[in-house]
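Since the structure comes first, as structure tokens, the remarks are kept for the end.
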Amino acid sequence: MNIAVVGTGYVGLVGGTCFAEMGNQVICVDIDESKVAKLQSGTVTIYEPGLEVYFDRGIRENRLSFTTDLAEALEPADVVFLALPTPPAEDGSADLQYVLGVADDIGKLLAANPDWGYKVLVDKSTVPVGTARRVIEAVEAHGLKAGEHFDVVSNPEFLREGVAVEDFMKPERVVIGTDSERAGEIMTRLYEPFVRSGNPIIVMDEESAEMTKYAANSLLATKITFMNEIANLCDLVGADVDKVRRGIGTDSRIGSKFLYAGIGFGGSCFPKDVQALHRTAREEGYEFRMLQAVLDVNDDQKTVLVPRITAALGGEDLTGKTIGIWGLAFKPHTDDVREAPAHVVIRELVARGASVQAFDPEAVETTQAAFEHTPLEGPGSLTYSESAYAAASGADALVVATEWPEFRRPDLDRVRESMKQPLVFDGRNVFDSKRMAELGFTYSSIGRPSYEAATVERGATA
Ligand code: UDX
Numbered sequence: 002m003n004i005a006v007v008g009t010g011y012v013g014l015v016g017g018t019c020f021a022e023m024g025n026q027v028i029c030v031d032i033d034e035s036k037v038a039k040l041q042s043g044t045v046t047i048y049e050p051g052l053e054v055y056f057d058r059g060i061r062e063n064r065l066s067f068t069t070d071l072a073e074a075l076e077p078a079d080v081v082f083l084a085l086p087t088p089p090a091e092d093g094s095a096d097l098q099y100v101l102g103v104a105d106d107i108g109k110l111l112a113a114n115p116d117w118g119y120k121v122l123v124d125k126s127t128v129p130v131g132t133a134r135r136v137i138e139a140v141e142a143h144g145l146k147a148g149e150h151f152d153v154v155s156n157p158e159f160l161r162e163g164v165a166v167e168d169f170m171k172p173e174r175v176v177i178g179t180d181s182e183r184a185g186e187i188m189t190r191l192y193e194p195f196v197r198s199g200n201p202i203i204v205m206d207e208e209s210a211e212m213t214k215y216a217a218n219s220l221l222a223t224k225i226t227f228m229n230e231i232a233n234l235c236d237l238v239g240a241d242v243d244k245v246r247r248g249i250g251t252d253s254r255i256g257s258k259f260l261y262a263g264i265g266f267g268g269s270c271f272p273k274d275v276q277a278l279h280r281t282a283r284e285e286g287y288e289f290r291m292l293q294a295v296l297d298v299n300d301d302q303k304t305v306l307v308p309r310i311t312a313a314l315g316g317e318d319l320t321g322k323t324i325g326i327w328g329l330a331f332k333p334h335t336d337d338v339r340e341a342p343a344h345v346v347i348r349e350l351v352a353r354g355a356s357v358q359a360f361d362p363e364a365v366e367t368t369q370a371a372f373e374h375t376p377l378e379g380p381g382s383l384t385y386s387e388s389a390y391a392a393a394s395g396a397d398a399l400v401v402a403t404e405w406p407e408f409r410r411p412d413l414d415r416v417r418e419s420m421k422q423p424l425v426f427d428g429r430n431v432f433d434s435k436r437m438a439e440l441g442f443t444y445s446s447i448g449r450p451s452y453e454a455a456t457v458e459r460g461a462t463a
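Heads up, the sequence shown is in the numbering used here, so the first residue is 2 and it goes up one at a time.
What follows is the structure, given as structure tokens:
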């Protein structure tokens, strides 16, 4: 099939590349000339495991190409994916200017070129319920008719960063929202090779498809937040959230996934989507109280370690204290730092005068860009370390903010020896509490009991 993908951000680039891998002919469009130039020269512009192999193959075998010219991509396309940004506007609602702007451009081009034939336009971005209708209106404004010249389909993506290629190639389900039988059939044909294992393609109306995406992300964010509150309570009553997780996760109605307590969820999707669904409800005159609670609890959860750190280091003023941070990305296997809990922790520590030294295997550049955009405030400082060990070296305390695999089994004797004080605050529960105490650390994690640190002489191995 011939496919156009408008927008070469995260979703567009992964989607376009994977469609090409499945044998389709794909042209990706973006208005960002420097990005398109990079992609044309064979450089993958995002970090996503497994993407490069398919990307290189798509280009080499001429199934994948990039352009800044919408017309060039639109003309041959049977299906046109809109994978455009929908950033939250001031009021928390999703800003649709890019999606509707491109719909307008497409309408103009299709009206001027009737010989280009019928097109299926697909909303791939996460858009508020009702957007498919607005896209139809924007295209019809050019004298075209839905059902005859084009149809609009809502096809939400459920990609997780870090495993996006796998998620795209083998989705647990594909949701297709359209009232048009013709568009439904084309989309089903396009996706059939991706669900050969028998996973379902679920066809429904546009509004339900749009709602499915918000409901999925909001429920997952709620699940995490619920466990974070259970963890906070475990801390108070002396229970262990890891044991509770195993205890409840074996109930198939609950399921064992997404029950890991920590310093809150981040990323580009959960915070934005929970906020947008809350906003949609409010616009309809309905107060979605649970979602407000999820947002509030998650905000607080990001700083749950800060009072523990100040208490351990002798008070609110952290001047003269060095704090190591392991992890900057909002989760492992990505360089994405949007809404990253690590950043919130760093802001709090710098505001109190601490010298923060941070390490992340992938997310230093993105962090630098984020703090250039919204500078850190306060008397403290932030520097970047070359390795996890370097970030711990000379530190009064070490904070684990992202559970990169390499943080799970470091040489902890070496870490302890290099630190000024053996204080570890684990925001992702990557270490065993008892073992950390045996190794001589004063160790604090999320929702798990602490044990008294053993006395380990410097130079001795525990
Ligand atoms: C999410 C959805 O999973 C995906 O389906 C959707 O399309 C986009 O949003 P992503 O943002 O890549 O994907 O991250 P995900 O792996 O879902 O994690 C989100 C956040 O939740 C991370 O900050 C992660 O650290 C946190 N999390 C996840 C927890 O704190 N505990 C858990 O048990 C699981």
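From the three backbone atoms N, C-alpha and C, an ideal C-beta is built for every residue, glycine too. Remember, it's a predicted structure, so these values are computed and weren't measured experimentally.
Residues near residue i by beta carbon distance below 6 Å, same chain, minus five either side
i: lysine 214; result: Thr127 and Pro157
i: glycine 448; result: Ala232, Cys235, Asp236, Val242 and Ala262
i: alanine 165; result: Val15 and Glu49
i: valine 30; result: Val7, Thr68, Leu71 and Ala74
Rounded C-alpha distance that separates residue i from residue j
i: serine 382; j: alanine 370; result: 16 Å
i: glycine 328; j: lysine 109; result: 47 Å
i: cysteine 270; j: asparagine 218; result: 8 Å
i: leucine 314; j: serine 445; result: 13 Å
i: leucine 237; j: valine 416; result: 29 Å
i: phenylalanine 169; j: phenylalanine 227; result: 28 Å
i: arginine 254; j: threonine 223; result: 15 Å
i: alanine 133; j: alanine 184; result: 13 Å
i: asparagine 200; j: tyrosine 192; result: 11 Å
i: tyrosine 452; j: methionine 437; result: 8 Å
i: tyrosine 48; j: aspartate 336; result: 7 Å
i: valine 123; j: asparagine 25; result: 16 Å
i: valine 136; j: proline 88; result: 17 Å
i: histidine 344; j: valine 338; result: 8 Å
i: threonine 363; j: proline 50; result: Note on identity: in this sequence residue 363 is glutamate, with threonine being the wrong assignment. For glutamate 363 and proline 50, the distance between alpha carbons rounds to 12 Å.
i: serine 386; j: glutamine 358; result: 6 Å
i: aspartate 152; j: glutamate 207; result: 11 Å
i: arginine 64; j: histidine 150; result: 26 Å
i: lysine 412; j: histidine 374; result: Correcting the residue type first, residue 412 is aspartate in the shown sequence and not lysine. So the two alpha carbons sit approximately 36 Å from each other.
i: histidine 143; j: leucine 292; result: 39 Å
i: phenylalanine 1; j: lysine 258; result: Outside the shown range of the chain, which is 2 to 463, sits residue 1, and nothing can be said about it.
i: alanine 112; j: serine 66; result: 25 Å
i: alanine 21; j: isoleucine 60; result: 9 Å
i: leucine 221; j: glycine 248; result: 19 Å
i: lysine 120; j: tyrosine 287; result: 36 Å
i: methionine 188; j: threonine 251; result: 36 Å
i: phenylalanine 82; j: glycine 178; result: 14 Å
i: alanine 352; j: arginine 459; result: 32 Å
Classification of residue i by the beta-carbon crowding that lies within 10 angstroms, buried from 16 upward
i: proline 342; result: buried
i: isoleucine 203; result: exposed
i: lysine 125; result: buried
i: arginine 1; result: Residue 1 is absent from the model: the chain starts at 2 and stops at 463.
i: valine 12; result: buried
i: arginine 290; result: exposed
i: aspartate 300; result: exposed
i: alanine 455; result: exposed
i: serine 434; result: buried
i: glycine 441; result: buried
i: alanine 393; result: buried
i: glycine 239; result: exposed
i: glutamate 285; result: exposed
i: aspartate 361; result: buried
Sequence-distant residues of its chain with Cβ nearer than 8 Å to residue i (five each side left out)
i: arginine 190; result: Met2
i: leucine 296; result: Pro272, Val275, Gln276 and His279
i: lysine 322; result: Leu314, Gly354, Ala355, Ser356, Asp397 and Ala398
i: arginine 346; result: Here the sequence assigns valine to residue 346, which means arginine is not the residue at that position. So the list reads Ile264, Lys303, Thr304, Leu306, Val307, Ile326, Val400, Ala402 and Gly428, once near-sequence residues are dropped.
i: arginine 421; result: Note that residue 421 corresponds to lysine in the displayed sequence, not to arginine. If we look at lysine 421 and ignore the five residues flanking it on each side, its Cβ neighbours are Thr323, Gly395, Ala396 and Asp397.
i: aspartate 106; result: Leu71
i: glycine 163; result: Glu49, Pro50, Lys332, Pro333, His334 and Thr335
i: isoleucine 32; result: Thr69
Beta-carbon proximity list for residue i, same chain, < 7 Å, skipping 5 on both sides
i: lysine 36; result: Thr9 and Thr46
i: glutamate 230; result: Val298
i: proline 194; result: Met23
i: proline 77; result: Asn3
i: glutamate 340; result: Gly267, Gly268, Pro272 and Phe331
| request: Tell me, please, whether the stretch 174 to 181 touches the stretch 142 to 162 by the rule of three or more beta-carbon pairs shorter than 8 Å. | output: yes
| request: Flag this pair as touching only if the stretch 92 to 111 and the stretch 279 to 299 have three or more C-beta atom pairs under 8 Å; answer yes or no. | output: yes
| message | For the pair the stretch 72 to 85 and the stretch 252 to 268, tell me if three or more CB-CB distances fall below 8 Å. | response | no
| Is it true that the stretch 318 to 333 meets the stretch 403 to 412, where meeting means three or more beta-carbon pairs spaced less than 8 Å apart? | yes
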